[in-house]
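A.B. asks: Structure incoming, see below.
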Amino acid sequence: MKSISESVVCSRVLNDTRKNTTKRTANYFFVVTIAITLINVIIFATCGRDTGDISVRPNWGRFSVNNLMQTVLNTFTHFNWQHTLLNMLCFLVAGMYLERKQGSFPFLLFMVLLIFFTGFASAANDISLSWKGFSGANYGLYGYIVIEYIFMLFQKRKRDLVNIVSGAVVLGLIYLAMCFNGGTSTIGFEWSPYDLLHNLGHASGFFAGIVSGCVGQGLECLIFGRKEYPLDLSRK
């Protein structure tokens, strides 16, 4: 009789079959994606749009630790319910896709680093500290997924039909998300990636995701090279 953890490790639905799945790299029912979604919803339900200020300057033209922490706090703060739920819907799609490929524990570490990295990119820009929402982190995910998909196409050990099709579907949904015009009070739609090109916070997050994707995937290629992952999902 298999334990729950063993069943999770062996699940071909929860885990990417092209990765070496162990208890440390298994996807535990998308727990990280669900937890981050609930945290954002609970924060808005209890605090609304005002979660306080860390930085003493309303605007800046240079990086500082206070500004970085303010951007991290703002990541979990939204203007209204529409803003919250739209961001969480976008995150659910991207988060579940990556958590299945990376596993819950690696994905948790990845999200912590990504939130600080996208915050760093935003804090280095001359933009207002009044921006709020998880969309900066979402755009970091988008940039990372684009790079991860490109690398996957050229690596036999990671490429299979499920990854190719699911990745293409997620990229299509990401492009649609980038075509939104608005989101806090009204919603419009353009055929070009309007939301990416007209929001410096989104562009900063996307750039941070591109950079982290290139670094992460590049290091993975150097470490594993042409090695094939063992596909025996019964390994502990």
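So in this note's numbering the end of the sequence shown lands on 241, straight run, no missing numbers.
Think of the CB as a built atom: it goes at the ideal place given N, C-alpha and C, for glycine as much as any other residue.
Going straight from the alpha carbon of SER190 to that of THR82, what length do you get?
C.D. replies: On the sequence shown, position 185 is the one that residue 190 refers to. On the sequence shown, position 77 is the one that residue 82 refers to. Roughly 15 Å between the two C-alpha positions.
A.B. asks: When the Cα atoms are used, what is the spatial distance from SER140 to LYS163?
C.D. replies: For the purposes of this step, residue 140 is identified with residue 135 of the sequence shown, where counting begins at 1. For the purposes of this step, residue 163 is identified with residue 158 of the sequence shown, where counting begins at 1. So the alpha carbons of these two residues sit roughly 28 Å apart.
A.B. asks: Exposed or buried, which one is ILE150 when buried takes at least 16 other CB atoms within 10 Å?
C.D. replies: Sequence index remark: in the sequence shown, residue 150 carries index 145 (1-based). ILE150 comes out buried.
A.B. asks: Put PHE194 into one of helix, strand or coil per three-state DSSP.
C.D. replies: Here residue 194 refers to the residue found at position 189 of the sequence shown. Strand.
A.B. asks: For VAL18, which three-state DSSP category applies?
C.D. replies: One-based indexing of the sequence shown puts residue 18 at position 13. The answer is coil: DSSP assigns VAL18 none of H, G, I, E or B.
A.B. asks: Is the segment 203 to 216 close to the segment 105 to 118, with three or more CB pairs under 8 Å?
C.D. replies: Contact fails: fewer than three Cβ-Cβ distances are below 8 Å.
A.B. asks: Pairs of beta-carbons, one from the segment 26 to 40 and one from the segment 89 to 105, closer than 8 Å: are there three or more?
C.D. replies: With a cut-off of 8 Å, the segment 89 to 105 and the segment 26 to 40 count as touching, because enough Cβ pairs lie within range.
A.B. asks: Could you name the residues that DSSP lists as bridge partners for ASN186?
C.D. replies: What you label residue 186 is simply residue 181 of the sequence shown in a count that begins at 1. Bridge partners of ASN186: GLY193.
A.B. asks: For SER171, I'd like the list of residues in its chain whose CB is within less than 8 Å of its CB, leaving aside the five on either flank, ordered along the chain.
C.D. replies: What you label residue 171 is simply residue 166 of the sequence shown in a count that begins at 1. Counting only Cβ-Cβ distances below 8 Å, and skipping sequence neighbours, we find TYR102.
A.B. asks: In the DSSP assignment, the alpha helix (DSSP H) including PHE125 goes from what residue to what residue?
C.D. replies: On the sequence shown, position 120 is the one that residue 125 refers to. PHE125 -> alpha helix (DSSP H) spans 109 to 128.
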